[in-house]
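Protein chains in written order, with the numbering used here: chain A, 1 to 113; chain B, 114 to 227.
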């Protein structure tokens with residue numbers, strides 16, 4: 001049972017435009033959410049996170065939105081750059097003592113120059 | 114600043130062979146983790162160590178054992194490798210387990226079992 005879902009395996013966006021990556025979750029106990037970026041042959045790199053007490057968190061070109069009622073989060077990248085081309089994973093955890101981060105299956109973003 | 118270092122980077126094993134994947138972090142983090150990444154499956158937690166001296170099973174622990182050797186090092190052992198264990202293995206660490214503490218990953222070990 002996939003508790004964290006990224007339903008779009010891939011996404012192509014023109015340079016300078018907005019990239020929107022989506023993630024859905026099923027476990028209502030999740031209260032901390034993260035986005036990671038992964039280049040080929042490298043480990044995932046932490047991008048941005050959000051706690052369930054917020055609905056938005058911004059860091060430069062990256063903004064994460066959380067809709068708790070819909071159990072949905074999204075990552076917005078504005079403006080998109082060719083260097084943003086990578087696989088993006090969302091992850092979630094519940095601070096209930098289980099200490100487990102559950103990852104989605106990833107979305108491959110391609111930013112076209 | 115090395116962060117999380119994994120060795121080896123690549124390994125080919127025959128079915129039934131054993132090996133240990135090594136991981137070390139230099140960030141003075143309390144918690145360490147082993148994940149595997151398979152196509153279409155995302156990253157799945159094998160084992161984790163919330164703090165030195167403790168280890169716990171993750172989502173897919175069967176066929177693996179771990180040792181938290183000290184605060185810096187967390188190794189993953191395959192006692193009798195199977196083709197189903199062909200995967201990319203990532204070690205990660207965090208300042209502490211839970212408590213909104215992001216994971217920091219190594220660059221992975223690509224393992225093929227024939």
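A virtual CB, placed ideally from N, CA and C, is assigned to each residue, including glycine.
In this text the structure is predicted, and so the values were computed from the model without any measurement.
Minimum C-alpha distance to residue i - residue among the options
i	options	result
residue 192 of chain B	B:170, B:130 and B:115	B:130
residue 186 of chain B	B:197, B:200 and B:162	B:162
residue 199 of chain B	B:167, B:156, B:119 and B:227	B:227
residue 22 of chain A	A:104, A:16 and A:73	A:73
residue 143 of chain B	B:176, B:167 and B:179	B:167
residue 53 of chain A	A:20, A:30, A:105 and A:80	A:30
residue 195 of chain B	B:184, B:145, B:176 and B:213	B:176
residue 60 of chain A	A:11, A:47 and A:70	A:47
Contact belief for residue i with residue j at Cβ below 8 Å, rounded distance in angstroms
i	j	result
residue 206 of chain B	residue 215 of chain B	The pair is not a contact, with the Cβ atoms about 10 Å apart (cut-off 8 Å).
residue 36 of chain A	residue 4 of chain A	Residue 36 of chain A to residue 4 of chain A, Cβ: 12 Å. No contact.
residue 111 of chain A	residue 84 of chain A	5 Å
residue 138 of chain A	residue 18 of chain A	With chain A represented from 1 up to 113, any question about residue 138 of chain A goes unanswered, as that position is not in the structure.
residue 11 of chain A	residue 105 of chain A	In fact, because the Cβ distance is near 14 Å, the residues do not count as touching under 8 Å.
residue 94 of chain A	residue 27 of chain A	7 Å
Contact test: residue i Cβ vs the ligand FAD heavy atom, cutoff 6 Å
i	result
residue 40 of chain A	The ligand FAD is not part of the structure shown, which contains no ligands of any sort.
Residues bridged to residue i (per DSSP)
i	result
residue 92 of chain A	A:33 and A:102
residue 76 of chain A	A:20 and A:63
residue 162 of chain B	B:145
is_contact[residue i, chain B] using C-beta, thresh 7 Å
i	result
residue 32 of chain A	yes
residue 40 of chain A	no
residue 103 of chain A	yes
residue 100 of chain A	yes
residue 51 of chain A	yes
residue 62 of chain A	no
residue 82 of chain A	no
residue 79 of chain A	no
residue 16 of chain A	no
residue 46 of chain A	yes
Chain A within 7 Å of residue i, Cβ atoms only
i	result
residue 166 of chain B	no
residue 156 of chain B	yes
residue 215 of chain B	yes
residue 221 of chain B	yes
residue 187 of chain B	no
residue 203 of chain B	yes
residue 218 of chain B	yes
Spatial neighbours of residue i in its chain, beta-carbon cut-off 6 Å, leaving aside the 5 residues before and after
i	result
residue 164 of chain B	143
residue 66 of chain A	50, 55 and 73
residue 173 of chain B	157 and 159
Sequence-distant residues of its chain with Cβ nearer than 7 Å to residue i (five each side left out)
i	result
residue 81 of chain A	15 and 111
residue 188 of chain B	133, 134, 135, 136, 179, 180 and 182
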